[in-house]
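Below is one structure, written out as structure tokens; comments come after it.
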């Protein structure tokens, strides 16, 4: 058996060993959280607004219910920034899951909870962008109750992504955890709808083992298409700096970003819960969790 074949065999063995026999998450709860977070009551969740404050309370309450410990005393990490000459106060939400085998190294799983707020009397609810990622983040918390990770995991709901990735920038510059202990970022931004049932995976070239791992892993999904790319090497638009994972990449922290192609409701007031694709979304989150299990096996 040559080296390449042996590597593929070992990677296949690792991947399939990671697949739990039971349902990973509560799919009904996954959808319910998106519906709530993208409702008019949250007024589009723009940074610095009452809607964003309501979203923070909602997310923190769910983390507490799922027995996630706070990384800061209150789960919150506040920061100030300027955007188009206006001063803002943003707030990241940070929870921690202690690792079973490698507790002193950390994987950050992230999703931004802010959106565009109210414009011209229309509420930009941001169901796909990015209530979908936040609900998936909470699904990880649910999953870890029964399936604790090997590495310690920081669950990060970042603020102010729409205003220049300010929340994730602040986190990597002022992280409570020593930066050299953060070994990986998994970022989810827009994962709930695709007319082509296609979920993109960006960042496979940021760690030497990721490409062969992913090429093995993507063979397992029959319900949706998993496509590795948008990384500057395939002629498609480069998404390396498209969302909060860019803040980690700039610090030379490897990442995987999961997202869909822009759709007709992207950054419009019509990005509502009724327009997401539930079956696609459920399978996308399932696959992202499986991908995490692959990453969690890497000895960084």
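Numbering (the working numbering), first residue to last: 296 to 595. Glycine included, each C-beta is placed from N, C-alpha and C at the ideal position. All values derive from a computational prediction rather than experimental measurement.
So, at 8 angstroms on beta carbons, what are the nonlocal neighbours of residue i in its own chain, with the 5 sequence-adjacent residues on each side left out?
| i | result |
| --- | --- |
| residue 584 | 319, 320, 434, 435 and 438 |
| residue 357 | 328, 433 and 436 |
With residue i as the anchor, note down where its beta strand (DSSP E) starts and where it stops.
| i | result |
| --- | --- |
| residue 357 | Residue 357 -> not in any beta strand (DSSP E); alpha helix (DSSP H) instead, spanning 345-360. |
| residue 483 | 477-483 |
| residue 407 | 397-407 |
| residue 412 | 412-414 |
| residue 419 | 417-419 |
| residue 520 | 520-523 |
Tell me, to the nearest whole angstrom, how far the beta carbon of residue i is from that of residue j; I am working on the premise that it is less than 8 angstroms.
| i | j | result |
| --- | --- | --- |
| residue 342 | residue 484 | Their Cβ separation, rounded to whole angstroms, is 15 angstroms, which puts residue 342 and residue 484 out of contact at 8 angstroms. |
| residue 599 | residue 497 | This structure leaves residue 599 out entirely; the chain is present only between 296 and 595. |
| residue 370 | residue 482 | About 19 angstroms; that fails the 8 angstroms criterion. |
| residue 448 | residue 543 | Rounded, the Cβ-Cβ distance is 14 angstroms, inconsistent with contact. |
| residue 367 | residue 375 | Wrong, their Cβ atoms sit about 16 angstroms apart, outside the cutoff. |
| residue 404 | residue 432 | 6 angstroms |
| residue 450 | residue 363 | 6 angstroms |
Looking only at C-alpha atoms, which of the options sits nearest to residue i?
| i | options | result |
| --- | --- | --- |
| residue 566 | 413, 491 and 401 | 413 |
| residue 267 | 404, 375 and 408 | Residue 267 cannot be examined here, being either before or after the span of the chain that is shown, 296 to 595. |
| residue 465 | 419, 428 and 377 | 377 |
| residue 395 | 345, 450 and 442 | 442 |
| residue 380 | 578, 458, 351 and 582 | 458 |
| residue 479 | 499, 331, 492 and 461 | 499 |
| residue 527 | 520, 518, 537 and 519 | 537 |
| residue 561 | 508, 521 and 411 | 411 |
| residue 477 | 547, 365 and 556 | 547 |
| residue 520 | 331, 564 and 575 | 575 |
| residue 557 | 488, 569, 504 and 539 | 488 |
| residue 424 | 587, 582, 581 and 539 | 539 |
Give me whichever residues DSSP pairs with residue i in a beta bridge.
| i | result |
| --- | --- |
| residue 387 | 372 |
| residue 552 | 482 and 497 |
| residue 447 | 401 |
| residue 453 | 407 |
Please return the same chain residues whose Cβ sits closer than 6 angstroms to the Cβ of residue i, not counting the five positions on each side in sequence.
| i | result |
| --- | --- |
| residue 327 | none |
Give every residue of the same chain whose Cβ lies closer than 7 angstroms to the Cβ of residue i, excluding the five residues on either side of it in the sequence, and list them in chain order.
| i | result |
| --- | --- |
| residue 298 | With a pLDDT of only 37 at residue 298, under the threshold of 50, the placement of this residue in the model should not be trusted; the figure read from the coordinates follows. There are no such residues. |
| residue 346 | 337, 338, 339, 340 and 412 |
| residue 532 | 525 |
What first and last residue would you give for the alpha helix (DSSP H) that runs through residue i?
| i | result |
| --- | --- |
| residue 541 | 540-544 |
| residue 325 | 322-332 |
| residue 492 | Here residue 492 belongs to no alpha helix (DSSP H), and DSSP marks it neither H nor E. |
Compare the C-beta of residue i with all C-beta atoms of chain B and state if any pair is closer than 7 angstroms.
| i | result |
| --- | --- |
| residue 493 | You won't find chain B in this structure, because it holds only one protein chain. |
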